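Asker: In my numbering, the protein residues as written are 100 to 536. Even for Gly, the Cβ is constructed at its ideal location relative to N, Cα and C. Since the model is a prediction, treat every value here as computed from it, not as a measurement.
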C-alpha cells in the first residue's frame, strides 16, 4: 500500500506539472481549455470552473489537456480565434513545448529549495578525493588508479572534492578524458574513455573510511554476538583490514561463509564468530561504518545557480542515455516502466521527503525529455509537425499525417509493451521493481 501511495503521489505531481505547462501557455495565447485531466478514463472527481472542466480520472498513468479546436478537421472551430488550430504554428509549437518546459522548471525549483535547506552530508564529500580503496576489476584499476592517489583534475579542470569529481565524471560520459592524479608528490595523467555506466557505478573507487563500527542493527548477527558501536575491526578470517571497503568486499565475495572477526575495543583485543544472515538476496551481519557528517546549506543565489547546473547536468545525461539506447551502447534492460517507477518512488519515500522530491525532480527532467522525442502522441511529434507546417507554409497533406500517426503509434505501443513486459518479468523472476545498476 505504501508503494502504491508513493507511486500515485509521485506520478500525480509530475503529470500535474507537465499538463499545467500546456495549460498556462495555451491560456497565454488565448486558446480555450475545455478539460484539464489528471489520469485517463472515467472521471472520479470532476468540477467545472469557468470554461474549463478540472478532473481526476480513474487511470492515473498520465493526463491530458483538451484544447478547443485541437481537431484540425473541425472547420467550424478553425474559424474561431480561440481555437487551437486557428493559432499560427509558432504558438502551437510553444503550447506543445509548455509541458516539457515546466518539467524542467519544476526540477530547478525543487533543487533550489533542497540546496537552500540545511542538510547533512558525509564529511568526506567535502574533502579532496583521495582514494582509499580501488575495487578489483573496476575501471579505476584498469587505468592504473591506486590507493593513496588524490584526483586533482579532469581534463585540466580542478577537482576540489568528491562531489565535484562525481559531477565532472557525469558531464563527460561517452567521452575520452584525462584524469590527473597526485601520487608521491608528482602528477600523473591517465587517459580513459568514460562509459555511460560511470553515472551509476562510478570509477570503482571510494574514499578512506576507517573500519570502525558506527551502527549495529538490532536483531542481526553482529548484535546477537555482542559487537558494539566504536569497535575497530582489525582482521576478517585472518586477513588484515585497512578500510571499511575491505569489509564490504569480503562480504560480497564470501557470501554466507562463517566469519571470524578480530576487533579492538577500548584497547582490548576481542574475537567473534559470526554467521551472516541472508536478507533480500544479500548476506549481512548488520553493521554500518562510523561516518562523520557536516551540515551545509546555501544562500538563495548560490542555491539557484547550483539548481540550474544540476538540472542541466541531468538533461545532458538523459540525452546521452537516450542516444545510447538508440545506438545500442546502453542495454534496453535498463529501461523501466510503471513498476520500476513505483519501486523508485517507494525507495525514495522511505529515505525521507527531501530524497523523495529530489527523485521526483530527476524523473521530471527525464519525463520532459522523453516527451520531446519526435514521435506521434508525444509533444515532440507535435512540435515536429507544426515546424514542418511552418516551413511548408500551409497545412501538411492529410495522407502524410495519417501515415505519420500510424507508424508512430506502432512504435510507441511496441515500446510500451516491451517495457511493461520487462517490468513484469523482472518482478516475477527477481522480486525487484527497479532495474539493477
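In or out: residue 372 buried (at least 16 other Cβ within 10 Å) or exposed?
Answerer: exposed
Asker: Taking only runs that begin and end inside the region 298 to 351, name each unbroken beta strand (DSSP E) of 3 or more residues, in chain order.
Answerer: 304 to 306, 312 to 315, 331 to 335
Asker: State the Cα-Cα distance for the pair residue 413 and residue 464, rounded to the nearest angstrom.
Answerer: 7 Å
Asker: On the CB-based measure, 16 or more other CB atoms within 10 Å of its CB, does residue 236 come out buried or exposed?
Answerer: exposed
Asker: Leaving out five residues before and five after residue 234 in sequence, what residues of the same chain have Cβ atoms less than 6 Å from its Cβ?
Answerer: 303
Asker: Is there contact between the region 474 to 487 and the region 185 to 198, where contact requires at least three CB pairs shorter than 8 Å?
Answerer: yes
Asker: Considering only their Cβ atoms, is the gap separating residue 311 from residue 331 smaller than 8 Å?
Answerer: yes
Asker: Using the beta-carbon count (16 or more within 10 Å), is residue 140 buried or exposed?
Answerer: Residue 140 should be labelled exposed.
Asker: Could you have a look at residue 382 and say whether DSSP puts it in helix, strand or coil?
Answerer: strand
Asker: How many angstroms separate the CA atom of residue 375 from the CA atom of residue 355?
Answerer: 5 Å
Asker: How close, in whole Å, do the beta carbons of residue 274 and residue 293 come, if the pair is a contact with beta carbons under 8 Å?
Answerer: 6 Å
Asker: Buried or exposed: residue 524, going by 16 or more other Cβ atoms within 10 Å of its Cβ?
Answerer: Residue 524 should be labelled exposed.
Asker: Rounded to whole angstroms, what is the Cα-Cα separation between residue 154 and residue 213?
Answerer: 31 Å
Asker: Please confirm whether residue 246 and residue 223 have their CB atoms less than 8 Å apart.
Answerer: no
Asker: Spatial neighbours of residue 511 within its chain, please: C-beta separation below 7 Å, excluding the five flanking residues on both sides.
Answerer: A distance below 7 Å between beta-carbons, with the five flanking residues on each side excluded, links residue 511 to the following residues of its chain, in chain order: 474, 476.
Asker: Tell me the rounded alpha-carbon separation between residue 365 and residue 390.
Answerer: 19 Å
Asker: Indicate whether residue 264 and residue 320 have their beta-carbon atoms separated by less than 8 Å.
Answerer: No, Cβ-Cβ distance for residue 264 and residue 320 is not below 8 Å.
Asker: Terminal residues of the continuous alpha helix (DSSP H) containing residue 409?
Answerer: 399 to 426
Asker: Which residue comes first and which comes last in the beta strand (DSSP E) that contains residue 147?
Answerer: 132 to 148
Asker: Go ahead and label residue 499 buried or exposed: buried means 16 or more other beta carbons lie within 10 angstroms of its beta carbon, across all protein chains shown.
Answerer: By the Cβ neighbour-count rule, residue 499 is exposed, with fewer than 16 other Cβ atoms within 10 Å of its own.
Asker: Over the uninterrupted beta strand (DSSP E) stretch that includes residue 210, give me the two end residues.
Answerer: Per DSSP, residue 210 belongs to no beta strand (DSSP E); it is in the alpha helix (DSSP H), 188 to 215.
Asker: Leaving out five residues on either side along the sequence, give the residues of the same chain with a beta carbon under 7 Å from the beta carbon of residue 455.
Answerer: 447, 448
Asker: Using CA coordinates, which residue listed in 254, 217, 471, 158 is at the minimum distance from residue 291?
Answerer: 254
Asker: Among 114, 393, 335, 426, whose alpha-carbon lies nearest the alpha-carbon of residue 220?
Answerer: Nearest to residue 220 by alpha-carbon distance, out of 114, 393, 335, 426, is 393.
Asker: Which two residues bound the contiguous alpha helix (DSSP H) that contains residue 469?
Answerer: Element bounds for residue 469: 452 to 470.
Asker: In the DSSP output, what is residue 290 paired with across the bridge?
Answerer: 277
Asker: Going straight from the alpha carbon of residue 108 to that of residue 397, what length do you get?
Answerer: A straight line joining the alpha-carbon of residue 108 with that of residue 397 spans about 28 Å.
Asker: Are the CB atoms of residue 328 and residue 317 nearer to each other than 8 Å?
Answerer: no
Asker: Got a sec, what are the start and stop residues for the beta strand (DSSP E) residue 252 sits in?
Answerer: 249 to 253
Asker: With a cut-off of 8 Å, do at least 3 Cβ pairs link the region 195 to 203 to the region 103 to 121?
Answerer: A contact is defined here as three or more CB-CB pairs under 8 Å, and the region 195 to 203 meets this definition with respect to the region 103 to 121.
Asker: Sort 226, 334, 209, 181 by Cα distance to residue 407 and report the nearest one.
Answerer: 209
Asker: Of the residues 377, 295, 132, which one's Cα is nearest the Cα of residue 420?
Answerer: 295
Asker: Using a 10 Å radius around the Cβ and a threshold of 16 neighbouring Cβ atoms, would you call residue 283 buried or exposed?
Answerer: exposed
Asker: How long is the line joining the alpha carbons of residue 370 and residue 340, rounded to whole angstroms?
Answerer: 14 Å
Asker: Measure the C-alpha to C-alpha separation of residue 112 and residue 167 and round it to an integer number of angstroms.
Answerer: 25 Å
Asker: Which of helix, strand or coil does DSSP assign to residue 518?
Answerer: helix
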